[in-house]
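Chemist: Which chain is which? The protein sequence lines are V and U, in order.
As numbered in my numbering, residues 90 to 659 make up the first sequence, in order.
As numbered in my numbering, residues 68 to 242 make up the second sequence, in order.
Before anything else, here's the structure in question.
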Amino acid sequence: MDYDVIVVGSGMSGGIAAKEFCEKGYKTLVLDRGDPIEHGQYKTEGLAPWQMPFRGEVLQEFKLQQHIQKNIYIYSDFTKHHLINDLENPYIQKQPFIWYRSATVGGKSLIWGRQSYRWCEQDFKANQQDGYGVDWPIRYQDIAPWYDYIEPYVGISGSYENLPQLPDGQFLPPQPLNIVEREMKAKVERAFPERKFIPARMANLTQANKVHTDLGRVQCQARSECPRGCSFGGYYSSNSAALPSAKKTGNLTLIANAQVQAVLYDEQRQKAAGVRYVNNKTGESHTIGAKVVFMCASTLGTVQILLNSTSTIYPNGIGNRHDILGRYIMDHCGGGGASGKMPGYLDDYYKGRRPGGVYIPRFRNLEPTSPTTSSNTNQPQKPFIRGYGFQGGANRSGWQWAKNGQGIGADFKAKVGQPGNWYFSMWGFGEVLPRYENRVILHPTKTDQWGLPLLVTDVTYQQNEINMVDDMTATAVEILTAAGLEDIKGFEGYAPPGGAIHEMGGCCMGADAKTSYLNKWNQCHEVANLFVTDGAAFSSTSCVNPSITFMAMTARAVDFADKQLKVGLL
Amino acid sequence: MNRRQFLINLSVVLGCSVVSVESMADAITSQINNNASKGHFTETQLECIKLIADIIIPQTDTPSASQAETHLYVDYYVHHFMTTKERKVFVAQMDHLISDRLLQLSSSRQVELVQKIDREMYQGTEQSTFYSKLKQLIVIGYYTSKVGATQALNFDPIPGPYQEIKLDQVGGVWF
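In structure tokens form, the structure reads like this:
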């Protein structure tokens with residue numbers, strides 16, 4: 090064997106897998122399709138707008154090359170090199186799917202939104218209760234200790250709220266709500282006691298503990314330039330934390346520009362033998378062996394590789410005996426929300442660009458919290474099942490209105506030089522139902538330039554998602570009205586799947602090998618030394634941002650694999 | 068905090084010398100500075116842009132648009148960012164304004180004219196894509212320039228932890 094472990098992908102999940110295996114003493118190879126990037130060598134970090142040729146605007150020629158990536162909310166001349174070239178990395182949308190992909194080592198951990206929330210008991214029971222998707226083989230109590238384990242390392246700020254639908258964790262001090270948000274919180278919670286208005290829980294360091302400073306990470310400096318990369322390590326990324334931790338052990342080998350094309354299957358041993366990858370700069374093909382393979386190549390990336398891992402035994406993809414691989418693809422539906430103006434507070438301001446604002450945890454279709462509640466759990470309070478949460482925040486308007494605003498001369502200039510009114514915006518993220526027919530497959534003949542068959546997306550939203558997004562809009566307007574805002578505008582958002590960048594599913598976990606791909610340890614039912622711990626493993630989506638759960642799940646799976654390796658079962 | 072101070076702080080975090088960080092930043096920006104001088108407008112056209120820019124953003128207690136070389140940014144943008152088609156339309160509309168003897172009017176008439184176009188642009192019937200694009204470029208060009216961002220706005224590249232303050236502690240809007 091060349092290595093003990095191969096980890097495919099170095100992002101949110103792969104970084105943690107690498108760190109955990111390396112720290113347990115395993116010789117670990119991490120392969121990443123992206124370009125190499127050194128923490129601290131982020132090429133647009135700290136640059137002022139006047140140091141950019143078009144002050145941050147991206148030339149049309151780049152937008153054509155990134156005709157999908159250009160729609161991501163962080164897209165600018167400061168960040169575009171962290172996203173792939175769509176022309177060189179095509180896929181086929183049988184149904185619309187926005188596939189945002191990283192171009193670098195560290196994956197999307199370098200550019201993520203950093204909102205971090207625990208899943209709750211109800212999230213893990215949802216499939217069983219309403220019959221959609223595959224019942225999770227684990228419950229909250231199985232993952233809770235792993236949140237406890239990973240949160241202090243990552244560094245999650247948050248307030249303690251004691252909410253069953255949003256369990257508390259091992260938090261750093263919360264980010265402050267500002268004066269307008271505090272006023273809104275009081276009004277909203279008075280009008281709707283079940284709608285809690287709390288500080289967003291962020292993977293930005295509000296305080297740097299020893300575990301962080303040991304890696305050279307310091308407190309978040311409120312620059313709000315995270316997606317350019319942060320030499321301060323103010324937010325968690327694989328680049329600032331997990332990969333350096335892994336490297337410190339001396340057990341890490343990291344190869345960039347390594348596009349894994351297949352997991353190899355050893356028919357005699359009935360195990361994964363290793364992987365085949367292509368260097369996407371030179372075109373050279375390599376085969377590498379290991380005792381264990383961890384797939385962390387991003388939800389669709391992992392599924393694409395596994396579907397392409399064919400053998401005599403598994404002609405439809407390794408471990409895919411029952412046509413389950415690539416099914417139940419989900420994302421969060423969202424975009425419904427509202428914005429409005431808060432009158433007054435014109436003497437109040439802030440210093441710093443806060444990395445996150447407010448979170449309103451799910452309040453629709455919650456399980457009754459006490460046995461005396463008469464409502465039936467299965468009876469939705471709304472014309473949809475499951476629920477959603479809101480993200481938002483209050484800020485004063487800056488100078489940017491002037492680009493399209495009326496006025497000239499000294500008066501205009503004086504007005505631009507002062508902050509405007511306070512505005513609050515909020516938008517929802519909703520749980521998408523797992524559906525067997527929502528799937529990705531490989532194109533039978535078309536491949537990319539390195540020979541990997543193109544992925545075909547066939548995922549659509551149905552009435553439940555549409556009704557949920559409609560309710561987000563109406564409810565956001567209701568909340569802002571109760572909060573005393575003016576000029577309230579509701580907005581709808583029916584982004585196609587992929588648009589929330591929370592894609593999950595395709596290798597769902599479940600108890601039954603006929604209906605699921607992975608068992609309760611993220612281990613392939615059919616191939617014992619093959620694990621999937623990124624979003625592909627997820628059997629449902631909750632409505633909260635998933636990354637911290639990817640990390641907790643990965644640490645849990647590594648712990649299991651370690652114990653299995655030690656007793657010779659892998 | 069100025070850029071040099073930022074780089075010093077950054078170098079402390081990175082554990083490397085200021086020189087290496089600075090050369091990294093300079094490598095990226097040098098190309099920009101080389102290109103910035105390569106304009107294509109005629110002197111009359113530049114004069115026209117400069118005139119309108121200074122009417123929109125005159126010198127007050129802070130520098131004017133032309134003092135921040137906003138007209139050169141507009142020139143650079145029009146000739147390096149716009150598509151050929153966008154540029155043709157933009158330049159034709161500008162030339163039309165010049166042929167209407169904008170530059171020969173008295174300065175008070177010039178202000179009145181721009182005032183009128185601006186008012187009608189945002190309130191009335193004016194549909195000049197030239198003016199709306201030009202105003203955007205002037206506003207962006209000025210407020211994202213070093214002069215505009217650091218003198219007409221409050222530029223703070225490394226604010227430190229988020230904190231609430233009173234407006235009079237900073238006195239104006241942040242960049």
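Even for Gly, the Cβ is constructed at its ideal location relative to N, Cα and C.
By a C-beta neighbour count over all protein chains shown, 10 Å radius and 16 as the cutoff for buried, is serine 329(V) buried or exposed?
Modeler: Serine 329(V) should be labelled buried.
Chemist: Give me the chain V residues within the contact set of threonine 211(U), using Cβ-Cβ distance strictly less than 9 Å, ordered along the chain.
Modeler: Within chain V, the residues near threonine 211(U) are Ala137, Pro138, Trp139, Met141, Arg144 and Gly145.
Chemist: Might you give, ordered along the chain, the residues of its own chain that have their beta carbon closer than 6 Å to the beta carbon of valine 545(V), omitting 5 neighbours on each side?
Modeler: Answer for valine 545(V): Ile181, Lys183, Ile530 and His532, listed in chain order.
Chemist: Which residues in the same chain have their Cβ closer than 8 Å to the Cβ of proline 253(V), if we skip the five residues on either side of it in sequence?
Modeler: Hits under 8 Å: Cys209, Glu210, Gln211, Leu455, Glu456 and Thr458.
Chemist: According to DSSP, is glycine 103(V) helix, strand or coil?
Modeler: Three-state result, glycine 103(V): helix.
Chemist: Would you say tyrosine 229(U) faces chain V, with C-beta separation under 8 Å as the test?
Modeler: It does: the Cβ of tyrosine 229(U) has a partner Cβ on chain V nearer than 8 Å.
Chemist: Quick check: what's the CA-CA separation for arginine 358(V) versus arginine 290(V)?
Modeler: Rounded to whole angstroms, arginine 358(V) to arginine 290(V) spans 45 Å at the Cα level.
Chemist: Is leucine 136(V) buried or exposed, if buried means 16 or more other CB atoms sit within 10 Å of its CB?
Modeler: Buried is the call here.
Chemist: Do the CB positions of glycine 104(V) and serine 327(V) come within less than 8 Å of each other?
Modeler: Their beta carbons are under 8 Å apart, which means glycine 104(V) touches serine 327(V) by this criterion.
Chemist: With DSSP collapsed to three states, give me the class of alanine 626(V).
Modeler: In the structure shown, alanine 626(V) sits in a helix (DSSP, three-state: H, G or I).
Chemist: Classify arginine 150(V): buried if its beta carbon has 16 or more other beta carbons within 10 angstroms, exposed otherwise.
Modeler: As written in the sequence, residue 150(V) is glutamate, which differs from the arginine given in the question. Exposed: under 16 other Cβ atoms inside 10 Å.
Chemist: Any beta-carbon of chain V closer than 8 Å to the one on glycine 191(U)?
Modeler: With 8 Å as the cut-off, glycine 191(U) does not count as an interface residue toward chain V.
Chemist: Inspect the CB distances between the region 226-243 of chain V and the region 567-587 of chain V and report whether three or more fall short of 8 Å.
Modeler: Too few Cβ pairs lie closer than 8 Å, so no.
Chemist: Suppose contacts are defined by Cβ-Cβ distances below 8 Å. Is lysine 117(U) in contact with histidine 147(U) by that definition?
Modeler: Taking 8 Å as the Cβ cut-off, lysine 117(U) and histidine 147(U) do not qualify as a contacting pair.
Chemist: Would you say tyrosine 262(U) reaches chain V, if we count a Cβ-Cβ gap shorter than 8 Å as a contact?
Modeler: For residue 262(U) there is no data in the structure shown, the boundaries of chain U being 68 and 242.
Chemist: For a cutoff of 8 Å on Cβ pairs, would you count phenylalanine 148(U) as touching chain V?
Modeler: Phenylalanine 148(U) counts as touching chain V.
Chemist: Alpha carbon to alpha carbon, how far is valine 621(V) from isoleucine 418(V)? Give it in angstroms, no decimals.
Modeler: Roughly 15 Å separates the two Cα atoms.
Chemist: Is it right to say leucine 246(V) is buried, meaning 16 or more other beta carbons lie within 10 angstroms of its own, or is it exposed?
Modeler: Per the sequence shown, residue 246(V) should be read as serine rather than leucine. Its Cβ being crowded by 16 or more others within 10 Å, serine 246(V) is buried.
Chemist: From which residue to which residue does the alpha helix (DSSP H) around arginine 451(V) run?
Modeler: Careful: arginine 451(V) lies outside any alpha helix (DSSP H) and carries neither H nor E.
Chemist: Apart from the five residues on each side of it in sequence, which residues of its chain come closer than 6 Å, Cβ to Cβ, to lysine 471(V)?
Modeler: These residues qualify, in order along the chain: Arg453 and Asp560.
Chemist: Could you list which residues in chain U have their beta carbon closer than 9 Å to that of glutamine 393(V), in chain order?
Modeler: Under the 9 Å cutoff, chain U gives no residues; its nearest Cβ is about 34 Å from glutamine 393(V).
Chemist: Sort Asn251(V), Asn618(V) and Ala641(V) by Cα distance to valine 96(V) and report the nearest one.
Modeler: Comparing Cα-Cα distances from valine 96(V) to each of Asn251(V), Asn618(V) and Ala641(V), the minimum goes to Asn618(V).
Chemist: Please name the residue in Leu113(U), Pro228(U) and Phe222(U) whose C-alpha comes closest to that of valine 145(U).
Modeler: Looking at the Cα atoms, Leu113(U) is the closest of the given residues.
Chemist: What does a CB cutoff of less than 6 Å around proline 185(V) pick up in its chain, not counting 5 residues either side in sequence?
Modeler: If we look at proline 185(V) and ignore the five residues flanking it on each side, its Cβ neighbours are Pro585.
Chemist: Give the range of the alpha helix (DSSP H) segment to which histidine 301(V) is assigned.
Modeler: It spans 299-302 - the alpha helix (DSSP H) in which histidine 301(V) sits, taken as one unbroken run.
Chemist: For the region 493-517 of chain V, list every residue whose C-beta sits within 9 Å of some C-beta in chain U, in sequence order.
Modeler: The residues in question are Asn493, Gly494, Gln495, Gly496, Ile497, Gly498, Ala499, Phe501, Lys502, Ala503, Val505, Gly506, Gln507, Pro508 and Gly509.
Chemist: Cα separation between cysteine 632(V) and lysine 202(U)?
Modeler: The alpha-carbon atoms of cysteine 632(V) and lysine 202(U) are separated by roughly 42 Å.
Chemist: Would you identify the three-state DSSP class for valine 214(U), choosing helix, strand or coil?
Modeler: Reduced to three states, the DSSP call for valine 214(U) is helix.
Chemist: Do you know offhand how far aspartate 235(U)'s Cα is from lysine 274(V)'s?
Modeler: Taking the straight line from one Cα to the other gives about 26 Å.
Chemist: Can you give the Cα-Cα distance for alanine 135(U) and isoleucine 122(U), rounded to whole angstroms?
Modeler: Roughly 14 Å between the two C-alpha positions.
Chemist: Using DSSP's beta-bridge definition, name the partner residues of valine 529(V).
Modeler: DSSP, once it has assigned bridges, lists Thr546(V) as partnering valine 529(V).
Chemist: From alanine 216(U) to lysine 233(U), what distance separates their C-alpha atoms?
Modeler: Looking at the two C-alpha atoms, the distance is approximately 21 Å.
Chemist: Just checking my contact of lysine 108(V) with aspartate 93(V) at CB under 8 Å: how many whole Å lie between their CB atoms?
Modeler: Lysine 108(V) to aspartate 93(V), Cβ: 14 Å. No contact.
Chemist: I want to see whether chain V comes within less than 8 Å of arginine 168(U), judged by CB atoms only; does it?
Modeler: No, because no Cβ of chain V sits closer than 8 Å to the Cβ of arginine 168(U).
Chemist: Counting pairs of beta carbons, one from the region 562-581 of chain V and one from the region 161-181 of chain V, are three or more of them closer than 8 Å?
Modeler: With the cut-off at 8 Å, the region 562-581 of chain V and the region 161-181 of chain V do not touch.
Chemist: Please determine, among Pro224(U), Glu179(U), Thr211(U) and Pro226(U), the residue with the shortest C-alpha to C-alpha distance to tryptophan 488(V).
Modeler: Of the candidates Pro224(U), Glu179(U), Thr211(U) and Pro226(U), the one whose C-alpha sits nearest the C-alpha of tryptophan 488(V) is Thr211(U).
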